[in-house]
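Below: one structure, written as structure tokens.
Here's what the structure looks like:
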């Protein structure tokens, strides 16, 4: 049977090997993520430039013609063109509206009541005068 010191040494050896593998994996993922971000930024720039060229040349050549000449699918060309167009401005709310008049009143949250009352509230059944609520019949 190994001594306590031998067990501790074995654990340390195993942890060191695992730690080295974990560090190597983390470094590799970090390097690849950096490359990915760099390439994605370059690709975004190229796509913006494609969209600008498509927008500028729209008066002399159509998407379908470009697709035929370049073998680039028209759907890709249209996507680049649409991504280059500035988005629509949001509409402003009319100045004369009163938010108090247009906001609907909320129903109060259900409080911690008996099960009978909660069933009635869920079914929008008003409670009886005596405060009890008739329960729906349950088939047995």
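Residue numbers (the numbering used here): 4 to 143.
All C-beta atoms, glycine included, are put in the ideal place defined by N, C-alpha and C.
Because the structure is a prediction, the values reported are computed rather than measured.
Residue i versus residue j: straight-line alpha-carbon distance, rounded
{"i": "residue 79", "j": "residue 44", "result": "19 Å"}
{"i": "residue 67", "j": "residue 31", "result": "43 Å"}
{"i": "residue 13", "j": "residue 20", "result": "11 Å"}
{"i": "residue 86", "j": "residue 61", "result": "15 Å"}
{"i": "residue 16", "j": "residue 34", "result": "27 Å"}
{"i": "residue 69", "j": "residue 37", "result": "34 Å"}
{"i": "residue 59", "j": "residue 22", "result": "55 Å"}
{"i": "residue 4", "j": "residue 18", "result": "21 Å"}
{"i": "residue 48", "j": "residue 41", "result": "11 Å"}
{"i": "residue 74", "j": "residue 39", "result": "27 Å"}
{"i": "residue 26", "j": "residue 11", "result": "22 Å"}
{"i": "residue 53", "j": "residue 64", "result": "14 Å"}
{"i": "residue 24", "j": "residue 7", "result": "26 Å"}
{"i": "residue 71", "j": "residue 46", "result": "23 Å"}
Residue i, buried or exposed, once every other Cβ within 10 Å from all chains shown has been counted against 16
{"i": "residue 57", "result": "buried"}
{"i": "residue 84", "result": "buried"}
{"i": "residue 125", "result": "Because residue 125 sits at a pLDDT of 47, beneath the cut-off of 50, its placement in the model cannot be relied upon, and the following sentence gives the value as read from the coordinates. It counts as exposed."}
Residue i beta carbon near the ligand HEM (any heavy atom closer than 7 Å)
{"i": "residue 14", "result": "The ligand HEM is not part of this structure, which contains no ligands at all."}
Candidates the options: closest to residue i by CA position
{"i": "residue 82", "options": "36, 55 and 5", "result": "55"}
Quick one: which unbroken alpha helix (DSSP H) runs of 4-plus residues sit fully inside the segment 30-97? Chain order, please. Listed in chain order, they are 66-73 and 77-87.
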